[in-house]
Amino acid sequence: MIIEDTFDGIIKPLRLGQLTFPHNLIQAPLAGISCSAFRQLAYQFTPPAYACSEMIMANDLIKNKNTPLRYLHRAPMEETLCYQVAGKTASTLATAATHLSALGADIIDLNCGCPKPKIRRKGLGSKLLETPDLLFQLVQAVRKNCSLTLSVKIRIDGQQDSGLNSEVVQAIVAGGADFIIVHGRNWQDDYDVNCFYEQIAEIVEESALPVIGNGDICDLTSLKRMASQTHCAGFMIARASMGQPWLYQQLIEEAQGHTFRRPTPETIITCYLNHLQNLQTLESEKVAVMQMRRLAKFYFARENSEEADTLLQKLYRCETVQEILLLVK
Ligand SMILES: Cc1cc2nc3c(=O)[nH]c(=O)nc-3n(C[C@H](O)[C@H](O)[C@H](O)COP(=O)(O)O)c2cc1C
């Protein structure tokens with residue numbers, strides 16, 4: 001895939017570790033969502049540079065328990081896949097990375113951003129940002145055991161201002177990671193708190209590694225804002241990608257100065273049904289239907305029409321795949 005350069009230089013080729021990509025927009029990890037069923041959809045359009053799995057618990061993976069097929073499955077069309085792991089000991093993470101490497105991972109990402117209390121209580125996710133020395137050891141252990149491209153996804157200090165951003169970044173660089181992904185919020189901040197792009201910019205300035213900026217990108221305007229305020233090498237998108245598998249194509253075409261035609265309602269319905277069909281190969285009917293009910297608003301509410309609202313209300317009541325098919329087809 002060759003992507004025409006954009007005149008303002010936002011969309012450009014990206015090199016991360018040993019990998020090169022034709023553009024620099026990346027699909028974020030989304031627990032409960034970014035499985036293969038979801039990731040495959042973007043390949044009907046211009047796909048992201050690479051996409052990331054849901055967070056996988058390193059401990060569960062190596063003990064071979066509680067890691068559903070959905071977390072690991074990869075469709076043949078998925079060109080570059082990152083598996084994200086959460087762990088807190090060097091040996092567990094190193095072994096998990098070896099497992100994921102054997103499964104064909106292209107990139108391993110260490111989750112250092114999850115804010116959930118049940119994850120932090122176990123010393124995982126964003127809790128690791130409080131102990132840069134331990135973080136260094138973890139990154140180093142994965143690096144020594146695994147030659148794949150390695151990233152660490154972090155959150156920033158934000159308004160908490162613990163002064164740890166710099167130490168965290170130094171630990172990641174010294175540990176041997178290939179790049180850093182920065183979500184511009186503190187772990188205590190919800191989405192109603194604005195991202196601190198200036199702190200991402202400081203990390204870009206300080207880090208010897210490429211930095212991928214993440215937080216609040218949903219259209220070309222917000223992408224441009226993030227790019228101009230942070231100068232990141234690439235950009236990661238999470239919430240805005242839900243129900244919009246064409247988003248990467250849209251952003252690239254719009255950044256090139258082209259007009260992107262929003263997919264027709266028929267195409268959106270096809271995407272929704274493909275998502276359901278993909279999910280059925282990975283999950284029970286009950287789980288697939290529950291997830292597609294939850295995701296329906298991302299596909300249809302953006303339509304902002306009475307018909308879409310009515311469809312949504314009906315979809316929320318569906319109990320079986322057959323009911324969804326009868327309603328939507
Ligand atoms: C439903 C949901 C699930 C998420 N799951 C993960 C996850 O498994 N791992 C992770 O690092 N971040 C996860 N995140 C955070 C996103 O990857 C991203 O950092 C955050 O949403 C900010 O990006 P955005 O403004 O583009 O949504 C999740 C976010 C949401 C909304």
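Position 10 of the sequence shown, counted from 1, bears residue number 10 in this note's numbering, the numbering being contiguous throughout. Ideal Cβ positions, reconstructed from N, Cα and C, are used throughout, including at glycine. Predicted, not measured: the structure shown is a model, and the values here were computed from it.
Does DSSP put residue i in a helix, a strand or coil?
{"i": "Leu-295", "result": "helix"}
{"i": "Tyr-191", "result": "coil"}
{"i": "Ala-208", "result": "coil"}
{"i": "Ile-10", "result": "coil"}
{"i": "Phe-196", "result": "coil"}
{"i": "Leu-103", "result": "coil"}
{"i": "Ile-213", "result": "Checking the displayed sequence, the identity of residue 213 turns out to be Gly instead of Ile. Note: Gly-213 maps to strand in three-state DSSP."}
{"i": "Met-77", "result": "coil"}
{"i": "Ala-51", "result": "strand"}
{"i": "Leu-234", "result": "Before going on, a small fix: residue 234 reads as Gly here, not Leu. If DSSP states are grouped into helix, strand and coil, Gly-234 belongs with the strands."}
{"i": "Phe-21", "result": "strand"}
{"i": "Ile-33", "result": "coil"}
{"i": "Leu-129", "result": "helix"}
In chain order, what residues of the same chain have a beta carbon less than 8 Å from the beta carbon of residue i, not counting five sequence neighbours either side?
{"i": "Arg-15", "result": "Phe-21, Pro-210"}
{"i": "Lys-116", "result": "Gly-125"}
{"i": "Glu-167", "result": "Pro-132"}
In terms of DSSP beta bridges, what is residue i paired with?
{"i": "Val-152", "result": "Leu-110, Ile-180"}
{"i": "Cys-271", "result": "In the DSSP output, where bridge partners are listed per residue, Cys-271 has none listed."}
{"i": "Val-85", "result": "Ile-56, Leu-110"}
Please confirm whether any heavy atom of ligand 1 lies closer than 6 Å to the CB of residue i.
{"i": "Ile-237", "result": "yes"}
{"i": "Met-226", "result": "no"}
{"i": "Asn-59", "result": "no"}
{"i": "Pro-29", "result": "yes"}
{"i": "Asn-214", "result": "yes"}
{"i": "Asn-186", "result": "no"}
{"i": "Glu-319", "result": "no"}
{"i": "Met-290", "result": "no"}
{"i": "His-275", "result": "no"}
{"i": "Gly-243", "result": "no"}
{"i": "His-73", "result": "no"}
Can you list, in chain order, the residues of its chain with a C-beta nearer than 7 Å to that of residue i? Leave out the 5 residues immediately preceding and following it.
{"i": "Ala-58", "result": "Val-85, Ala-86, Gly-87, Thr-92, Leu-93, Ala-96"}
Please return the same chain residues whose Cβ sits closer than 6 Å to the Cβ of residue i, not counting the five positions on each side in sequence.
{"i": "Tyr-272", "result": "Tyr-299"}
Taking just the CA atoms, how far does residue j sit from residue i?
{"i": "Pro-47", "j": "Gln-244", "result": "11 Å"}
{"i": "Ile-108", "j": "Asp-178", "result": "10 Å"}
{"i": "Glu-283", "j": "His-73", "result": "11 Å"}
{"i": "Gln-140", "j": "Lys-153", "result": "15 Å"}
{"i": "Ala-37", "j": "Ser-228", "result": "33 Å"}
{"i": "Ile-252", "j": "Leu-134", "result": "39 Å"}
{"i": "Asp-309", "j": "Gly-163", "result": "46 Å"}
{"i": "Pro-370", "j": "Cys-112", "result": "The shown model of the chain, from 1 to 329, leaves out residue 370, and the question about it has no answer."}
{"i": "Ala-105", "j": "Ser-53", "result": "10 Å"}
{"i": "Glu-254", "j": "Phe-260", "result": "6 Å"}
{"i": "Ile-11", "j": "Cys-232", "result": "11 Å"}
{"i": "Leu-110", "j": "Asp-161", "result": "23 Å"}
I want to check one thing, is the minimum distance from the CB of residue i to the heavy atoms of ligand 2 below 6 Å?
{"i": "Val-321", "result": "Ligands in the displayed structure: ligand 1; ligand 2 is not one of them."}
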